[in-house]
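Sequence order for the protein chains is S and L. Under UniProt numbering, think of the first position of the first sequence as 1, with each following residue one higher. Under UniProt numbering, think of the first position of the second sequence as 1, with each following residue one higher. Don't be surprised by glycine CBs; every beta carbon is placed ideally from N, CA and C. Before any comments, here is the structure.
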Amino acid sequence: MSELDEAITRAHHEEWARVVAALTRRFGDLDIAEEAAAEAFTTAVERWPADGVPPNPGAWLTTTANRKAIDRIRRENKRDDKHKEAQMLHDDTPAEPLGAIEDDRLRLIFTCCHPALATEARVALTLRMVGGLTVPEIARAFLVQRATMEQRITRAKAKIKAARIPYRVPSADDLPARVSGVLAVLFLVFNEGYLASGPDTDPVRQDLTTEAIRLTRLIRALLPQDGEVAGLLALMLLTEARRRSRVSAGGELVPLAEQDRGAWDAALIAEGHRLVRERLAAAAAGVAPGRYQILAAINAVHTSARDIRDTDWSQVLALYDQLVRLDPSPIVALNRAVAVAELDGPEVALAIVDRLAEALAGYHAYHATRADLLRRLGRSEQSRAAYDQAIELAGNTGETAYLTRRRAQLR
Amino acid sequence: MRYLVSVIDDKSDPGSTDRQPAISAFNERLIAEGYWVFSGGLADTDAATVVDNRGEQTVFSDGPFVESKEYLAGVWVWEAPDLDVALKLAAEASKICDRKIEVRPFQ
Chain S
1 MSELDEAITR AHHEEWARVV AALTRRFGDL DIAEEAAAEA FTTAVERWPA DGVPPNPGAW
61 LTTTANRKAI DRIRRENKRD DKHKEAQMLH DDTPAEPLGA IEDDRLRLIF TCCHPALATE
121 ARVALTLRMV GGLTVPEIAR AFLVQRATME QRITRAKAKI KAARIPYRVP SADDLPARVS
181 GVLAVLFLVF NEGYLASGPD TDPVRQDLTT EAIRLTRLIR ALLPQDGEVA GLLALMLLTE
241 ARRRSRVSAG GELVPLAEQD RGAWDAALIA EGHRLVRERL AAAAAGVAPG RYQILAAINA
301 VHTSARDIRD TDWSQVLALY DQLVRLDPSP IVALNRAVAV AELDGPEVAL AIVDRLAEAL
361 AGYHAYHATR ADLLRRLGRS EQSRAAYDQA IELAGNTGET AYLTRRRAQL R
Chain L
1 MRYLVSVIDD KSDPGSTDRQ PAISAFNERL IAEGYWVFSG GLADTDAATV VDNRGEQTVF
61 SDGPFVESKE YLAGVWVWEA PDLDVALKLA AEASKICDRK IEVRPFQ
């Protein structure tokens with residue numbers, strides 16, 4: 001990548017959300033903001049090679065985008081004055097000094113992740129408006145037609161306008177629930193990258209995990225006091241750190257026990273561990289940790305062990321016990337059973353897993369976990385049947401390859 | 001911004017029938033806080049008549065325009081600054097009415 005390309009990419013990463021957020025505030029319209037921001041970046045690509053990268057790319061982009069937006073509004077005013085009136089209704093907040101919490105990007109994120117929008121719309125809108133991904137990129141990421149994704153985003157924007165979803169940071173009362181909604185969107189993006197679905201998809205979609213981490217870092221910078229934001233970022237970093245060793249050269253998913261720990265990304269692990277320590281200190285001071293913080297702590301235990309035998313499983317189990325109290329879902333119980341298997345043996349774990357049969361019959365990981373426990377107990381025939389079901393349900397190509405090999409190894 | 005706030009009941013799982021005093025108190029509050037524009041409970045869907053005069057003759061048909069398990073039991077019209085305010089009130093309304101609530105903006 002040339003120096004210029006790098007400057008443009010960096011400006012896009014660092015400034016896109018800021019430009020869209022500032023324009024949305026000024027013009028009270030996501031459509032205008034999105035289009036003007038896109039035009040400003042196109043202009044940068046055209047002009048910067050000849051004129052050079054401006055000393056303050058962010059200011060240049062915002063000024064250019066502002067001008068584009070005004071041009072568009074003028075054009076539209078000539079066509080339709082009433083339309084303009086509707087567009088201006090939203091902007092009910094006067095300019096305020098920019099403290100961390102008042103950052104326009106935060107308003108943008110909360111609007112895109114508003115609970116009145118469908119989850120898939122929140123994901124798409126966040127990736128477009130905050131992440132700056134193009135519609136075809138988002139469509140590819142979620143394996144839908146470009147036109148479908150275009151419509152999803154257009155409908156979401158139309159609802160924001162028609163139902164008057166506000167452009168603001170929620171009040172202190174609502175903040176925890178709303179932040180948790182934002183984190184759910186980011187975790188969904190991350191997970192789709194971490195365990196990509198679809199028969200023709202790479203097992204790991206690095207574009208999505210990278211984007212999710214980038215956006216979570218942004219939220220972390222905007223809400224540095226929020227424990228769950230730190231927890232989710234730590235969880236993502238500690239998971240991403242293992243990416244290279246999670247898929248074999250042959251495209252097969254490699255389970256934790258068999259991963260080459262030397263290939264883990266030490267810098268990401270160090271950063272993740274720092275965040276977990278920060279949250280442990282807060283917990284020691286009496287702040288109850290949420291689920292992302294506990295999941296991050298579990299991952300910190302795994303990434304602290306030299307090998308699978310060195311893993312402090314009693315610590316892992318204690319954390320899962322804590323998580324079960326917070327989230328008594330069958331999926332948490334299933335993951336907890338994996339730790340039980342290491343401490344009390346596969347038979348005890350199997351008894352726990354079997355109790356989840358009804359709730360998790362359609363979940364591939366339930367069958368995969370059972371298959372492994374049955375294999376360890378020497379019950380090959382039952383194990384094979386469980387592998388069959390797991391393979392049938394697994395959507396990830398790397399996982400299917402791994403399960404198929406495991407099944408073939410049964411005696 | 002005006003919102004149509006619909007109270008939705010379910011024939012197979014109806015909400016409780018003792019909500020009127022609580023709803024009246026809630027209405028008083030909506031009026032006092034400036035959100036209330038209109039409210040009214042509706043008679044049973046059996047009492048509805050659909051009129052279609054698009055063709056040559058006026059056609060009257062007995063019953064609601066769509067038969068469904070879920071039906072409109074009552075409506076409010078609220079004036080609220082934005083959807084967050086309307087949704088917060090709607091969450092209270094749902095508890096008070098013991099029924100689902102749909103919030104839909106007017107154009």
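First and last residue of the uninterrupted beta strand (DSSP E) at residue i
| i | result |
| --- | --- |
| tyrosine 3 of chain L | 2-10 |
| alanine 73 of chain L | 70-79 |
| threonine 49 of chain L | 49-52 |
| valine 59 of chain L | 59-62 |
| arginine 104 of chain L | 100-105 |
| valine 45 of chain S | Taken as a continuous stretch (DSSP letters only), valine 45 of chain S belongs to no beta strand (DSSP E), being part of the alpha helix (DSSP H) at 30-51. |
Candidates the options: closest to residue i by CA position
| i | options | result |
| --- | --- | --- |
| aspartate 104 of chain S | S:Ala124, S:Pro170, S:Thr42 and S:Ala121 | S:Pro170 |
| lysine 159 of chain S | S:Ile138, S:Thr111 and S:Tyr194 | S:Thr111 |
| glutamine 293 of chain S | S:Glu228, S:Ala17 and S:Arg205 | S:Glu228 |
| valine 204 of chain S | S:Leu334, S:Thr404, S:Thr154 and S:Tyr194 | S:Tyr194 |
| arginine 18 of chain S | S:Thr210, S:Ala38 and S:Glu6 | S:Ala38 |
| leucine 23 of chain S | S:Arg107, S:Leu143 and S:Ala7 | S:Arg107 |
| phenylalanine 190 of chain S | S:Leu208, S:Leu175 and S:Pro176 | S:Leu208 |
| histidine 114 of chain S | S:Ser180, S:Ala21, S:Asp226 and S:Leu295 | S:Ser180 |
| threonine 210 of chain S | S:Ile308, S:Leu30, S:Thr239 and S:Leu222 | S:Thr239 |
| leucine 4 of chain L | L:Leu87, L:Ala93, L:Asp44 and L:Val75 | L:Val75 |
| alanine 43 of chain L | L:Ile8, L:Ala25 and L:Pro105 | L:Ile8 |
| leucine 30 of chain S | S:Ala361, S:Ala65 and S:Gly345 | S:Ala65 |
| valine 316 of chain S | S:Ile8, S:Ala337 and S:Arg306 | S:Ala337 |
| alanine 361 of chain S | S:Arg384, S:Val340 and S:Ile331 | S:Ile331 |
| glutamine 107 of chain L | S:Ala116, S:Lys161 and S:Glu6 | S:Lys161 |
| alanine 266 of chain S | S:Ser248, S:Ala305, S:Ala212 and S:Ala359 | S:Ala305 |
For residue i, the first and last residue of its enclosing alpha helix (DSSP H)
| i | result |
| --- | --- |
| tyrosine 194 of chain S | 175-194 |
| tryptophan 313 of chain S | 313-326 |
| phenylalanine 26 of chain L | 20-32 |
| valine 229 of chain S | 227-240 |
| serine 94 of chain L | 83-97 |
| glycine 40 of chain L | Unbroken run through glycine 40 of chain L is the beta strand (DSSP E), 36-41; no alpha helix (DSSP H). |
| tryptophan 264 of chain S | That residue, tryptophan 264 of chain S, is in no alpha helix (DSSP H); it is neither H nor E in DSSP. |
| cysteine 113 of chain S | Unbroken run through cysteine 113 of chain S: none, as it is neither H nor E. |
| proline 330 of chain S | 330-344 |
| glycine 58 of chain S | 57-79 |
| aspartate 388 of chain S | 380-393 |
Closer than 8 Å to chain L by CB, residue i
| i | result |
| --- | --- |
| alanine 100 of chain S | For alanine 100 of chain S, the predicted structure reports a pLDDT of 41, less than 50, and the residue's modelled location is therefore unreliable. The matter cannot be settled from this model. |
| alanine 357 of chain S | no |
| aspartate 91 of chain S | For aspartate 91 of chain S, the pLDDT reaches just 46, beneath the cut-off of 50, and the residue's location in the model is therefore unreliable, although a value from the coordinates is still provided. By this cut-off, aspartate 91 of chain S is not an interface position. |
| proline 97 of chain S | Residue confidence is low: proline 97 of chain S scores 44 on pLDDT, short of 50, so the model does not pin down where it sits. Its coordinate-derived value is still stated next. No, proline 97 of chain S lies away from the interface with chain L (no Cβ there is under 8 Å from its Cβ). |
| glutamine 87 of chain S | Residue placement at glutamine 87 of chain S is flagged as unreliable, the pLDDT there being 49, under the threshold of 50; a coordinate-derived value is accordingly withheld. |
| proline 94 of chain S | The predicted model places proline 94 of chain S with a pLDDT of 47, which falls under 50 and marks its position as unreliable, so this point remains unresolved. |
Any C-beta of chain S under 8 Å from that of residue i
| i | result |
| --- | --- |
| proline 64 of chain L | no |
| isoleucine 101 of chain L | no |
| isoleucine 8 of chain L | no |
| serine 94 of chain L | no |
Neighbour list for residue i in chain S, Cβ cutoff strictly below 7 Å
| i | result |
| --- | --- |
| leucine 87 of chain L | Ala116 |
Under 7 Å from the C-beta of residue i: neighbouring residues of chain L
| i | result |
| --- | --- |
| residue 440 of chain S | What is shown of chain S runs 1 to 411, which leaves residue 440 of chain S out entirely. |
Under 9 Å by beta carbon: chain L residues contacting residue i
| i | result |
| --- | --- |
| isoleucine 165 of chain S | Asp82, Leu83 and Asp84 |
Residue-chain proximity (residue i, chain A), Cβ-Cβ < 8 Å
| i | result |
| --- | --- |
| leucine 183 of chain S | Annotation note: the requested chain A is absent from the structure, which comprises protein chains S and L. |
Distance cut-off 7 Å: residue i Cβ against heavy atoms of the ligand ADP
| i | result |
| --- | --- |
| arginine 376 of chain S | The model on display carries no ligand, and the ligand ADP is accordingly not part of it. |
>> Would the segment 396-405 of chain S count as touching the segment 373-381 of chain S if we require 3 or more Cβ pairs under 8 Å?
In response: no
> Below 8 Å, can you find three or more Cβ-Cβ pairs linking the segment 248-259 of chain S to the segment 293-301 of chain S?
Replying inline: no
>> Is it the case that the segment 142-156 of chain S contacts the segment 118-130 of chain S, given that we only count it when at least three CB pairs across the two stretches are under 8 Å?
In response: yes
>> I'd like to know if the segment 323-337 of chain S and the segment 279-295 of chain S are in contact, where contact means that at least 3 CB-CB pairs between them fall below 8 Å.
In response: yes
>> Whether or not the segment 131-151 of chain S and the segment 25-35 of chain S are in contact is what I'm after, with contact meaning three or more pairs of Cβ atoms, one per stretch, closer than 8 Å; do they touch?
In response: no
>> Does the contact criterion of 3 or more C-beta pairs under 8 Å hold for the segment 219-238 of chain S versus the segment 5-24 of chain L?
In response: no
>> Quick test of the definition: if touching needs 3 or more C-beta pairs under 8 Å, does the segment 72-80 of chain S touch the segment 136-143 of chain S?
In response: no
> Is the segment 276-285 of chain S in contact with the segment 239-253 of chain S, if contact means three or more CB pairs nearer than 8 Å?
Replying inline: no
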